[in-house]
Amino acid sequence: MPLEFNDGQQKALDRNARRTEAHSLAPLMRKNLPDDTARLTDNQLEQEIAAALDRGAQINVQTRSASVDFVILWLMLGPRFDESDEIQKYLKTSTASMDAKIKALMSEFKWRLRYGEDR
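Be aware that the sequence shown starts at 0, since it is given in numbering that gives the first Met the number 0, and climbs by one per residue.
1. What is the DSSP secondary structure of residue 70, reduced to helix, strand or coil?
2. Looking only at its own chain, which residues have a Cβ that is under 6 Å from the Cβ of residue 128, when we skip the five neighbours before and after it?
3. Is residue 40 helix, strand or coil when you go by DSSP?
4. Taking C-alpha atoms, which residue in 109, 114, 90 lies nearest to residue 100?
5. Our contact map puts residue 74 next to residue 35 with C-beta atoms below 8 Å; I'd like the distance itself, whole angstroms only.
6. How do the stretch 14-21 and the stretch 45-53 stand: do at least 3 beta-carbon pairs fall below 8 Å, yes or no?
7. What number of angstroms, rounded off, separates the C-alpha of residue 11 from the C-alpha of residue 57?
8. Give the secondary structure of residue 105 by DSSP, where H, G and I count as helix, E and B as strand, and everything else as coil.
9. Suppose you measure from the CA of residue 77 to the CA of residue 106; what does that come to, to the nearest Å?
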């Protein structure tokens, strides 16, 4: 007999999985984004990462690598960066998967950080 969860139970399991993921990502983010995470306590950092993972799930970010990129963008650009007009325009017009869109945003962001100018 398959194990079944109601919608509320499944959402709770998903939230707990994202919290566990936030706990495992926090040291990595602290190490690689020291300037962007310095203002946060360890607990706050985990909460920010969990919030980013929750938001990513809401907009259909599905793969781990796209989720990590989403968290990085969230920490570097600010919470709800994906709601800015420029980002929304891109997310709504592209026909690619949300994971591909986040990967493309991350590539563009890295390029701009490296070269400090628009393409």
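Glycine included, C-beta positions come from ideal geometry on N, C-alpha and C. These numbers come from a predicted model, not from an experiment.
Looking at the coordinates:
1. Looking up residue 70 in the sequence shown gives position 71. DSSP places residue 70 in helix when its eight states are reduced to three.
2. The question about residue 128 has no answer here: the residues shown for the chain are numbered 0 through 118.
3. By one-based count along the sequence shown, residue 40 stands at place 41. Residue state, collapsed to three classes: coil.
4. Taking the first residue of the sequence shown as position 1, residue 100 is located at position 101. With distances taken between Cα atoms, residue 100 lies closest to 90.
5. Numbered from its first residue, the sequence shown carries residue 74 at position 75. Numbered from its first residue, the sequence shown carries residue 35 at position 36. Right, the Cβ-Cβ distance comes to about 5 Å (below 8 Å), so this counts as a contact.
6. yes
7. Taking the first residue of the sequence shown as 1, we reach residue 11 at position 12. Taking the first residue of the sequence shown as 1, we reach residue 57 at position 58. If you take the alpha carbons of residue 11 and residue 57, they lie about 14 Å apart.
8. Residue numbering aside, residue 105 sits at position 106 when the sequence shown is read from its first letter. Residue state, collapsed to three classes: helix.
9. Numbered from 1 along the sequence shown, position 78 holds the residue referred to as residue 77. Numbered from 1 along the sequence shown, position 107 holds the residue referred to as residue 106. Rounded to the nearest angstrom, the two C-alpha atoms are 17 Å apart.
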